[in-house]
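In what follows, a structure is listed as C-alpha cells, so that the remarks can point back to it.
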Amino acid sequence: MGKKCIICEKEAVYQIKDTADFYCVECAEENFGDLSLLVKVEEEAQRLKEAIKEKLDGELNDADTSSDKTDGN
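Under the working numbering, think of the first position of the sequence shown as 86, with each following residue one higher.
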C-alpha cells in the first residue's frame, strides 16, 4: 500500500525529507516552487530498504563471528 498525499489523499510521489509529509505530483507542484527540495517516495523507500539490508547483513555477520568463537574455532 502506497503513501497518500496529505492534502488530497491521492497516491504520493514526493516527500519532505525526514518527515511524514507526502504529496502527489499536483499538490507538490502547487505548494513547492522547487521540487528538487523534495524526495521521491520511491527513492526514499529504496534508501530505507538498503539501510535495513545492511543492518541485517551486519547482524548476521556478527552472529556468525560469535558462533565461531563459541565453537572453539
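Think of the CB as a built atom: it goes at the ideal place given N, C-alpha and C, for glycine as much as any other residue.
Could you tell me which residues DSSP puts in a beta bridge with F117? BP columns for F117 are empty, so no partner.
Residues near C112 by beta carbon distance below 7 angstroms, same chain, minus five either side: C90, I92 and C93
Going by DSSP, what residues sit across from E96 in a beta bridge? K89
Of the residues Y99, D103 and L141, which one's Cα is nearest the Cα of C109? Among Y99, D103 and L141, the Cα nearest to that of C109 belongs to Y99.
Buried or exposed for A97, please, with buried defined as at least 16 other CB atoms from any protein chain shown within 10 angstroms of its CB. buried
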